[in-house]
Amino acid sequence: MEQSDFTDTDNKNCENIEQESQQLVNLPPPPPPPQINLDSIKLSTTDEYIQKRLKNMQLFEGKQSDELSSKIQKIEDIDERAKADGEGTGEGLKEDIEGKIQCERCEHYFTQEEMKSHKIQHSSQILDFLYLGSSYNSNNYKELKVRTKISYILNVASELSNVYPEDFTYLKLDIDDIITQKIYGHFQECIDFIEKARSEGKNILVHCIQGISRSASVVIAYLMYKGMTLKESYDFVKERRSVIKPNPSFVRDLLAYELELYQKNSCTGEYINKLYKFLVFD
């Protein structure tokens, strides 16, 4: 018969542990947590104002939940200087307007120098229903829904995802802004999508990262499809969004598209991008 390794002290300790465990089991349950009446919590003035605005826009059904926080996040402006409610400067918002120009889009005031850079922060209206812009504009829910009333979004940047897939009709094309990228093969699909928005009487935003190269090339191609020459299309868009500059590869494709439409070119590649003459294409 094997001898046990346990001593009397060990047996005593085991008995004590067993007794303490039994005492813990027999303890009464803890009292329930205090009930908080959510209806009695007073919302801040800002929260009440936001709820009222969202109800008016039919974006909020009146329930205090994750829906509110998500819609508030969507309705906010990324630009800290544009904290207005989307339709003006907003009640109680004071700005020093002396000697400044009012932005027609957000109705804030800027000096003449500030206005030059500020206007590019907004998407640029090219036609009554067609807007050209950047990733900033595609993320700004207030700009999309309230100020420009966008329903369709054409995303031509491979780096960007569609931000609000439940709220807008999207077409996303994975196009890179590099010299080896060809955009010619995407023109017709983009044109068809823009035409769909136009035929339904809806506004559309065409965007890439900066609204300079990829999206600008698509908008120029659309105007050529509608009857303008390449030079006319480029000048028309440039006048409305001064920063546009399609990369040389896209310029080549725009020239090719113009030849397909009109059997001649209205301008050189250098007219659109001076770097065009330094590059050799296959």
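Once you know that position 279 of the sequence shown is 326 in my numbering, the rest is easy, because the numbers rise by one and skip nothing. Built from N, CA and C at the ideal position, the CB exists for glycine as well.
C-alpha gap between residue i and residue j, whole angstroms
i, j, result
"residue 285", "residue 252", "17 Å"
"residue 326", "residue 148", "42 Å"
"residue 263", "residue 201", "12 Å"
"residue 152", "residue 290", "18 Å"
"residue 245", "residue 280", "18 Å"
"residue 296", "residue 266", "16 Å"
"residue 272", "residue 241", "11 Å"
"residue 298", "residue 269", "14 Å"
"residue 214", "residue 207", "17 Å"
"residue 186", "residue 176", "19 Å"
"residue 274", "residue 183", "30 Å"
"residue 228", "residue 195", "31 Å"
"residue 21", "residue 216", "Residue 21 cannot be examined here, being either before or after the span of the chain that is shown, 48 to 329."
"residue 181", "residue 211", "15 Å"
"residue 307", "residue 247", "28 Å"
"residue 314", "residue 282", "11 Å"
"residue 233", "residue 146", "46 Å"
Buried/exposed call for residue i, threshold 16 Cβ in 10 Å
i, result
"residue 224", "buried"
"residue 316", "buried"
"residue 221", "exposed"
"residue 144", "exposed"
"residue 293", "buried"
"residue 324", "exposed"
"residue 305", "buried"
"residue 226", "exposed"
"residue 168", "buried"
"residue 311", "exposed"
"residue 300", "buried"
"residue 189", "buried"
Secondary structure of residue i, DSSP reduced to three states
i, result
"residue 254", "strand"
"residue 202", "strand"
"residue 321", "helix"
"residue 211", "coil"
"residue 220", "coil"
"residue 177", "strand"
"residue 148", "strand"
"residue 296", "helix"
"residue 172", "strand"
"residue 238", "helix"
"residue 267", "helix"
"residue 313", "coil"
Beta-carbon contacts of residue i that lie in its chain and below 8 Å, excluding the five residues immediately before and after
i, result
"residue 287", "171, 172, 173, 179"
"residue 320", "292, 293, 294, 295, 298"
"residue 236", "218, 220"
"residue 243", "199"
Same chain, Cβ closer than 6 Å to residue i, neighbours up to 5 away in sequence not counted
i, result
"residue 204", "255, 256"
"residue 191", "197"
"residue 261", "203, 222, 224, 255"
"residue 238", "269, 272"
Close Cβ partners of residue i (< 7 Å) along its chain, the five nearest in sequence each way excluded
i, result
"residue 219", "202, 209"
"residue 259", "290, 291, 292"
"residue 231", "300, 303, 304"
"residue 322", "295"
8 Å Cβ cutoff, residue i in contact with chain C
i, result
"residue 228", "Among the chains of the structure shown, chain C does not appear; only one protein chain is present."
Assumed close pair residue i, residue j - CB separation to whole angstroms, cut-off 8 Å
i, j, result
"residue 249", "residue 199", "6 Å"
"residue 309", "residue 276", "7 Å"
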